[in-house]
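With this note's numbering applied, the sequence shown corresponds to residues -6 to 264, in that order.
For glycine and all other residues, C-beta sits at the position ideal for the given N, C-alpha and C.
Quick notes on the structure that follows.
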Amino acid sequence: MDLKPFFVKPGSKLKLEDFKTGGKEFFEEGKKQGLEDLKKNISEIDRLQEILYAEHKQRLLIIFQAMDTAGKDGVTRSVFEGVNPQGVKVVSFKAPTSTELEHDYLWRVHARVPAKGEIVVFNRSHYEDVLVVRVHELVEKKVWKRRYRHINEFERMLADEGVTLVKCFLHISPDTQKERLMDRINTPEKQWKFNPGDIEERKYWPDYMAAYEDMLNETSTDWAPWYVVPSDHNWIRNLVVSSIISKSLKDLNLQYPAPVENIEQYREKLI
Ligand code: ATP
Ligand code: MG
């Protein structure tokens, strides 16, 4: 799949309104074909994850940022459906605890980056510190502004140390969010997901979009680029994210480690 339409070129000055939230124009073959391609990506991710684990050298960090209901959980479930549950860790970042607030904002994040052979998915991340924190004025402007620089340097250090970073902004329209919130109100099995706070937060939509736009422009780098994923349709969102992840895994040139020396001799010893 051509990922170029979703890629945020480092140094670009994009306007978020130029990015589609629907994305059907990129998938003229339609949903049926899309779901087949998704299936292939899922099994490719499963295959490559096993080699990543066996090789025990490289590390993959996937970051999902999005407005509520865009599907950070849903995409994680779909894309890693085929993977050995031991192979992937998901970390959700909520409002910081009092202990976390005693430290710098990257402290809790650094502790959760993947170890060798691991894939870690961040459901929200250090980017909340230039998003919700900015929108709700939890710190002064000069404090959140300098964080772009910290984040770029932090991520560069991770990349230098062997972490591959993949960052996805799941992009939905406000109408889609409205439909999904309504669905959570109306469907008994989804009511547990409904959070009245999400309705309050919707009022800040334009402020969030401004914060996301700056985040994408300031922190898409050669070593940790952003993708803007059209997320109004779950199948398109899952297909695009699975393509990004399987491509990233392929680019790692993963290799099984060499077997122990003279492995053949053990055939006789095995009684
Ligand atoms: P769900 O899909 O289950 O709603 P969620 O990620 O929205 O998942 P919530 O518990 O609803 O989880 O929300 C977590 C909240 O924590 C979000 O509103 C987010 O903005 C907030 N949060 C995360 N990091 C920070 C931070 N550094 N400072 C302030 N708030 C934060
Ligand atoms: Mg929420």
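Pick from the options that is closest to residue i, judged by C-alpha positions
i	options	result
glutamate 154	Lys50, Lys33 and Asp200	Lys50
glutamine 184	Ser166, Asp191 and Asp176	Asp176
alanine 251	Asp39, Arg40 and Glu48	Glu48
lysine 82	Lys138, Phe0 and Val106	Val106
leucine 247	Ile144, Val84, Tyr201 and Gly110	Gly110
glutamate 121	Thr92, Ala104 and Lys87	Lys87
glutamate 211	Leu151, Trp137 and Val128	Trp137
arginine 230	Lys8, Thr62 and Glu254	Thr62
Element boundaries [alpha helix (DSSP H), containing residue i]
i	result
valine 221	Not the alpha helix (DSSP H): valine 221 falls in the beta strand (DSSP E), residues 219 to 223.
glutamate 66	A small correction: the amino acid at residue 66 is aspartate; glutamate does not occupy that position in the sequence shown. Per DSSP, aspartate 66 belongs to the alpha helix (DSSP H) from 65 to 72.
alanine 265	Outside the displayed range of the chain (-6 to 264) lies residue 265, so it cannot be described from this structure.
leucine 31	23 to 48
tyrosine 201	198 to 212
Heavy atom of the ligand ATP within 7 Å of residue i beta-carbon
i	result
proline 89	yes
arginine 117	yes
leucine 131	yes
valine 234	no
serine 71	no
Proximity below 8 Å, CB of residue i to CB of residue j
i	j	result
arginine 149	alanine 108	no
valine 222	leucine 163	yes
leucine 31	serine 235	yes
serine 5	isoleucine 56	no
lysine 160	tyrosine 197	no
leucine 158	valine 1	no
leucine 174	aspartate 191	yes
leucine 131	tyrosine 205	no
glycine 75	isoleucine 38	yes
tyrosine 249	isoleucine 35	no
valine 84	isoleucine 238	no
Boundaries of the beta strand (DSSP E) in which residue i is found, first to last residue
i	result
valine 84	81 to 85
alanine 59	52 to 59
Near the ligand MG: residue i beta-carbon under 7 Å from a heavy atom
i	result
aspartate 61	yes
Item to check | beta strand (DSSP E) segments (min. 3 residues) lying fully within the region 100 to 184 | outcome: Those beta strand (DSSP E) runs which fall completely within the region 100 to 184 and span 3+ residues are 112 to 116 and 156 to 164.
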